[in-house]
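Data first, discussion second: the structure below is written as structure tokens.
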Amino acid sequence: MLDVMLPGVDGFSICKSIRNVKEVPILMVTARSEDIDVIRGLGLGADDYIVKPFNPNQLVAKVKAHVARYERLTSMHEPSSDQTTIGRLFIDHSSRTVEVDGTEVALRAKEFDLLSFLAVNVGQVFSKEHLYERIWKMDAINDPATITVHVKKNSR
12 MLDVMLPGVD
22 GFSICKSIRN
32 VKEVPILMVT
42 ARSEDIDVIR
52 GLGLGADDYI
62 VKPFNPNQLV
72 AKVKAHVARY
82 ERLTSMHEPS
92 SDQTTIGRLF
102 IDHSSRTVEV
112 DGTEVALRAK
122 EFDLLSFLAV
132 NVGQVFSKEH
142 LYERIWKMDA
152 INDPATITVH
162 VKKNSR
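Our numbering puts the first residue of the sequence shown at 12, with every later residue one more than the last.
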């Protein structure tokens, strides 16, 4: 939850900064009710814009709904079993091995992590920045071009 009117800095700037590096629920709670403020907050990435005074029970329900949605979206990125098979590709997540047509393929750690993530989430589209943050556990501002290099290596 983020208030728009904070001492020394406005919540809009904080919302923008958070959204540039993380995909977490942001609920703006504020006394500013002008349409321009609501549109600005949502445009900067807030998931909800709640004007004071508000019903505390509704606020709790909204927070729970946003957190539940966030948990559903982030949990889809984990392998549901220790093995994934896609066509001729076989991945054993626990032993961190990959086979193509029964022949083991040697991969570096990050190559394996990237391939494993993409295989578990087959059919989904991710930005380079999201992949970088997910695999390298760092902000994408460091070097999202690294993803391109690893995807090229994995596609050989």
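Note that the Cβ used here is the ideal one computed from N, Cα and C, for glycine as well.
As assigned by DSSP and simplified to three states, the class of residue i
i	result
residue 136	coil
residue 34	coil
residue 124	helix
residue 45	coil
residue 65	coil
residue 70	helix
residue 109	strand
residue 131	helix
residue 78	helix
residue 17	strand
residue 118	coil
Residue burial classification, residue i (beta-carbon count within 10 angstroms, cutoff 16)
i	result
residue 88	Because residue 88 carries a pLDDT of 49, less than 50, the predicted location of this residue cannot be relied on, and the following value inherits that uncertainty. Residue 88 comes out exposed.
residue 134	exposed
residue 32	exposed
residue 52	buried
residue 113	exposed
residue 22	buried
residue 50	exposed
residue 47	exposed
C-beta contact flag for residue i and residue j at 7 Å
i	j	result
residue 40	residue 12	yes
residue 63	residue 42	yes
residue 96	residue 131	no
residue 81	residue 18	no
CB-CB length for residue i against residue j, believed under 8 Å
i	j	result
residue 103	residue 77	Actually they are not in contact, since the Cβ atoms of residue 103 and residue 77 sit about 36 Å apart, beyond 8 Å.
residue 107	residue 123	5 Å
residue 126	residue 118	7 Å
residue 70	residue 26	Residue 70 to residue 26, Cβ: 17 Å. No contact.
residue 111	residue 99	5 Å
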